[in-house]
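Colleague: Going line by line, the protein sequences match chains A and B.
With the first sequence counted from 1, adding 206 to any position gets you our numbering.
With the second sequence counted from 1, adding 16 to any position gets you our numbering.
Where a beta carbon is used, it is the ideal one built from N, C-alpha and C, also for glycine.
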Amino acid sequence: MATPTIESPRSGRVAPGYSRTQGSRGNFEMIAWLFMRISGAILVVLIFVHLYVNLVAGDGISGIDFGFVAGKWASPVWQIWDLTMLWLAMLHGTNGIRVIINDYAEKNSTRMWLKGVLYTSTVVIVVLGTLVIFTFDPCPVVNGVAHVADYCPAP
Amino acid sequence: MEKEPASKVELAPGVGGGGEIPTFDITLKVRRYNPEVSDDAHWDEWQLTMYGTDRVLDALHKVKWEHDGTVSFRRSCAHGVCGSDAMRINGRNRLACKTLLKDLDTSKPILVEPIKGLPVEKDLIVDMEPFFQSYREIMPFLISKGHEPTKERLQSSEERERYDDTTKCILCAACTSSCPVFWTDGQYFGPAAIVNAHRFIFDSRDDAGDMRLEILNDKEGVWRCRTTFNCSEACPRGIQVTKAISEVKQAILTRKV
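1. Do you know offhand how far cysteine 98(B)'s Cα is from isoleucine 253(A)'s?
2. According to DSSP, simplified to helix, strand and coil, what is aspartate 60(B)?
3. To the nearest angstrom, report how far apart arginine 226(A) and glutamine 203(B) are at their CA atoms.
4. Output needed for leucine 140(B): all residues of its chain with C-beta closer than 6 Å, excluding positions within five of it in sequence on either side, in chain order.
5. Out of Ala189(B), Lys235(B), Ile159(B), state which residue places its alpha-carbon closest to the alpha-carbon of isoleucine 237(A).
6. Just tell me which of Val211(B), Gly107(B), Cys113(B), Lys80(B) has its CA closest to the CA of cysteine 93(B).
7. Compare the beta carbon distance of isoleucine 268(B) and valine 238(B) with 8 Å and say whether it is the shorter of the two.
8. Between the stretch 324-331 of chain A and the stretch 270-281 of chain A, do three or more beta carbon pairs fall short of 8 Å?
9. Determine whether the beta carbon atoms of proline 135(B) and alanine 221(A) lie at a separation below 8 Å.
10. Tell me which residues share the same chain as glycine 241(B) and place their Cβ nearer than 6 Å to its Cβ, disregarding the 5 neighbours each side in the sequence.
11. Taking the straight line between their C-alpha atoms, what separation do you get for asparagine 308(A) and threonine 300(A)?
12. Let me make sure I understand the geometry here. Which of Val211(B), Ser100(B), Asp41(B) has the alpha-carbon closest to that of methionine 155(B)?
13. Of the residues Val128(B), Asp41(B), Asp55(B), Asn246(B), which one's Cα is nearest the Cα of leucine 76(B)?
14. Indicate the three-state DSSP secondary structure (helix, strand or coil) for tyrosine 179(B) in the structure shown.
15. Let me see if you follow: with CB-CB separation under 8 Å, is glutamine 63(B) close to chain A or not?
16. Going by C-alpha to C-alpha distance, which of Gln256(B), Asp223(B), Glu36(B), Val46(B) sits closest to glycine 162(B)?
17. Output yes if chain B places a C-beta closer than 8 Å to the C-beta of glutamate 235(A); else output no.
18. To the nearest angstrom, report how far apart isoleucine 255(B) and aspartate 181(B) are at their CA atoms.
19. Just verifying my parser: in three-state terms, what is the DSSP assignment at aspartate 41(B)?
20. So, is threonine 209(A) buried or exposed, given that buried needs 16 or more other C-beta atoms within 10 angstroms?
21. Do we get a CB-CB distance below 8 Å when we pair leucine 44(B) with the residues of chain A?
22. Within the chosen definition, does the stretch 57-68 of chain B reach the stretch 78-85 of chain B through at least 3 CB pairs nearer than 8 Å?
23. Glycine 269(A) CB to nearest chain B CB: under 8 Å?
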């Protein structure tokens, strides 16, 4: 007589949708978590100095115009400062939104679409911002007419 | 059959029915669900006269025993040890057997719902299997390398103190089912699994801490914790759940970085 096999208790009875897909190892989530903390701390300094220099120091808020920005970006310190701020803020924000999407989207397809939009816009903004910082010309020539500000060298 | 011996204590009439204890009226609203009758859940409510010493579990018993026998809920020891009767009482996860009615606002109906995030089977009974699956995955048992000692495995009281808090878990699922990250898709390991991993990771007698840390370094592991402290607030044993999760995060970080 064949011995009846008794299944191990509740084997394979986890409700569908709850079982985790295996093989998602790797340190990405840990690095993302660490990056959020480090970039957050650095951004506090970068942003508050940025706000102080732009809005409080010197002429304050009334001093901000095209010339003010041009003057700042003439110095490599502010170029690097703004570049770091741009990259850290964009990556910090993008990762934050990525996490929110993961937490609130219930379907993987929704997640994929939302993250697609997110990553595209991040790339566009970061690339555009970086280009502006490095290719910024304070004395542009448009249609042969030089828009000369008082700080530009005479043509 | 032997006759029951007569009582040796003379009770005055009126004593023995809990007459000394103040009574009050409550409205108990229970979230009902029966998939054999309807796919929709609804609320049922009862007016009950309860005593000052009664807990939510006593009110549920009164309903089940005297009003509607179809009300379904889990309970076993009824003394806050077995962890069977975690439910959502007035919007917070608690053990029905540890929540005194007099501590709730009795002027309003008392709402009792099943814990969130797990599939409801009937009324207040949920399918706990996804919860226990996560618990099993973190290997909640002692794994030691090398030779077995001839006597007991010695440990100093400081070493024991290191993980004392997380030994208190009764696996009631109040924490995991209070976690908004777990509510979304049920993929997150959940606070309870991490607490029970913590109990072995920081146990000096255990040698498989690295394996457990590797398991919890998963996409759905400790990094999904948003430190909302819902779990610490929900824990009926007062375990500092969020702190335990942070300690596991730290342990993973110091091992990797």
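Modeller: Let's see:
1. The residue labelled residue 98(B) in the question sits at position 82 within the second sequence. The residue labelled residue 253(A) in the question sits at position 47 within the first sequence. Straight-line Cα distance between these residues: approximately 52 Å.
2. Your numbering for residue 60(B) matches position 44 in the second sequence. Looking at aspartate 60(B) - three-state DSSP - the assignment turns out to be strand.
3. On the first sequence, residue 226(A) is found 20 positions in, with the first residue counted as 1. On the second sequence, residue 203(B) is found 187 positions in, with the first residue counted as 1. Rounded to whole angstroms, arginine 226(A) and glutamine 203(B) show a C-alpha spacing of 6 Å.
4. Start at 1 with the first residue of the second sequence, and residue 140(B) comes out as number 124. Once the five neighbours on either side are set aside, the close Cβ partners of leucine 140(B) are Phe89, Met103, Pro130.
5. Looking up residue 237(A) in the first sequence gives position 31. Selected option, being the one with the closest Cα: Lys235(B).
6. Locating residue 93(B) in the second sequence gives position 77, counting from the first residue. Checked all of Val211(B), Gly107(B), Cys113(B), Lys80(B); the closest Cα to cysteine 93(B) is Cys113(B).
7. If you number the second sequence from 1, residue 268(B) lands on position 252. If you number the second sequence from 1, residue 238(B) lands on position 222. Contact: yes.
8. No, because fewer than three Cβ pairs between the stretch 324-331 of chain A and the stretch 270-281 of chain A fall closer than 8 Å, the two stretches do not touch.
9. Looking up residue 135(B) in the second sequence gives position 119. Looking up residue 221(A) in the first sequence gives position 15. For proline 135(B) and alanine 221(A), yes; Cβs fall inside 8 Å.
10. Counting from one through the second sequence, the residue named residue 241(B) turns up at place 225. First, the residue type needs correcting, since residue 241(B) is cysteine and not glycine in the sequence shown. If you ignore the 5 residues before and after cysteine 241(B), its C-beta comes within less than 6 Å of the C-beta of Ile261, all in its own chain and listed in chain order.
11. Residue numbering aside, residue 308(A) sits at position 102 when the first sequence is read from its first letter. Residue numbering aside, residue 300(A) sits at position 94 when the first sequence is read from its first letter. Linking asparagine 308(A) to threonine 300(A) through their CA atoms gives a straight-line distance of about 12 Å.
12. Working through the second sequence from its first residue, we reach residue 155(B) at position 139. Residue Val211(B) is the option with its Cα nearest to methionine 155(B).
13. By one-based count along the second sequence, residue 76(B) stands at place 60. When only C-alpha atoms are compared, the closest one is Val128(B).
14. In the second sequence, the residue the question calls residue 179(B) occupies position 163. Three-state DSSP puts tyrosine 179(B) in coil, outside helix and strand.
15. Residue mapping note: residue 63(B) aligns to position 47 of the second sequence, counting from 1. No, its Cβ sits nowhere closer than 8 Å to a Cβ of chain A.
16. Position 146 of the second sequence, counted from the start, is the residue given in the question as residue 162(B). For the options Gln256(B), Asp223(B), Glu36(B), Val46(B), the alpha carbon positioned closest to that of glycine 162(B) is the one of Asp223(B).
17. The count along the first sequence starts at 1 and reaches residue 235(A) at position 29. True, the Cβ-Cβ gap to chain B drops below 8 Å.
18. As a first step, residue 255(B) is located in the second sequence; it is residue number 239 there, counting from the start. As a first step, residue 181(B) is located in the second sequence; it is residue number 165 there, counting from the start. Going from the Cα of isoleucine 255(B) to the Cα of aspartate 181(B) covers about 6 Å.
19. Looking up residue 41(B) in the second sequence gives position 25. If DSSP states are grouped into helix, strand and coil, aspartate 41(B) belongs with the strands.
20. The residue labelled residue 209(A) in the question sits at position 3 within the first sequence. Counting Cβ neighbours within 10 Å, threonine 209(A) comes out exposed, since fewer than 16 surround it.
21. For this step, residue 44(B) is matched to residue 28 along the second sequence. Chain A, which has no Cβ nearer than 8 Å to the Cβ of leucine 44(B), makes this no.
22. Segments in contact, yes.
23. To locate residue 269(A), count along the first sequence from 1; it is residue 63. The Cβ of glycine 269(A) sits no closer than 8 Å to any Cβ of chain B.
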